[in-house]
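Asker:
Numbering (UniProt numbering), first residue to last: 1 to 150.
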C-alpha cells in the first residue's frame, strides 16, 4: 500500500458519518426544555463553558418571551419551558464556585438578579437553568446545561 493509498484510507475512516451529529440532535430534541423563542443576547452566545458531569455538556443560551414583573416561580417557569422544574439555590448548582463566568454572563444579559432551576428529565439526566429577567425587552434570558448524574 502506497503512502497516498494509506492517507486516502485514513481520510475515509475519519470522515464524519453524521451519526454522532444525529445522535446529539436526537438527544437534545428529546430533552424537551423549550429554551429559545426570541433573540439571544450577545453576552450569552459568547459563553464557552462546560458543565462538568458524566456528560460534560456545554452551556446553551436561553431566551424566552416573558411579561412578568419579576423572576418567575418554579411553577411559572416550568409552564414556560414545558417541563417540571424545581427552584434551587446557587450553592446547589455551583457548590465549588466554578461557574462564576456563567452566572455573571446571565446577570449582565438580564437585570442583575438570577434564579436557579433544576429539571429532572429522567433517572440520570437533569437540566440546570440559570435565568435573569430582561425587563426592558420583556424576556427571560439565561443559560442551561444538561448534566448526567449517575
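Even glycine gets a Cβ: it sits at the ideal position worked out from N, Cα and C. Please read these numbers as outputs of a predicted model, since none were measured by experiment.
To the nearest angstrom, report how far apart residue 123 and residue 6 are at their CA atoms.
Answerer: Spanning the two alpha carbons is a distance of roughly 45 Å.
Asker: Does DSSP put residue 78 in a helix, a strand or coil?
Answerer: Helix, per DSSP.
Asker: Rounded to a whole number of angstroms, what is the C-alpha to C-alpha distance between residue 88 and residue 71?
Answerer: Approximately 13 Å, taken between the alpha carbons.
Asker: Just the Cα atoms here: how many angstroms apart are residue 67 and residue 13?
Answerer: Distance between the alpha carbons of residue 67 and residue 13: 51 Å.
Asker: For a quick check, are the C-beta atoms of residue 119 and residue 85 less than 8 Å apart?
Answerer: For residue 119 and residue 85, yes; Cβs fall inside 8 Å.
Asker: Among residues of its own chain, excluding the 5 on either side of residue 134, which ones have a beta-carbon nearer than 6 Å to its beta-carbon?
Answerer: These residues qualify, in order along the chain: 110, 141.
Asker: Measure the CB-CB distance between residue 93 and residue 59 and report whether it falls below 8 Å.
Answerer: Not closer than 8 Å, so no.
Asker: My understanding is that residue 62 touches residue 136, with C-beta atoms under 8 Å, so please give their C-beta distance in whole angstroms.
Answerer: Wrong, their Cβ atoms sit about 17 Å apart, outside the cutoff.
Asker: Please report the residue range of the beta strand (DSSP E) in which residue 127 lies.
Answerer: Residues 125-134.
Asker: Could you tell me if residue 11 is buried or exposed, where buried requires 16 or more neighbouring beta carbons within 10 angstroms of its beta carbon?
Answerer: Exposed: under 16 other Cβ atoms inside 10 Å.
Asker: Among 132, 40, 4, which one has its Cα closest to the Cα of residue 103?
Answerer: Checking every option, the nearest Cα to that of residue 103 belongs to 132.
Asker: What did DSSP end up calling residue 29 once you bin it into helix, strand or coil?
Answerer: Interpretation of residue 29 is limited by its pLDDT of 40, a score under 50 that renders its predicted location unreliable; the figure taken from the coordinates is listed afterwards. Three-state DSSP puts residue 29 in a helix.
Asker: So residue 8 is in the alpha helix (DSSP H); what residue range does that whole segment cover?
Answerer: Note, residue 8: alpha helix (DSSP H), 3-13.
Asker: When you compare each of 95, 1, 57, 43 to residue 148 by their alpha carbons, which one comes out closest?
Answerer: Comparing Cα positions, the closest option is 57.
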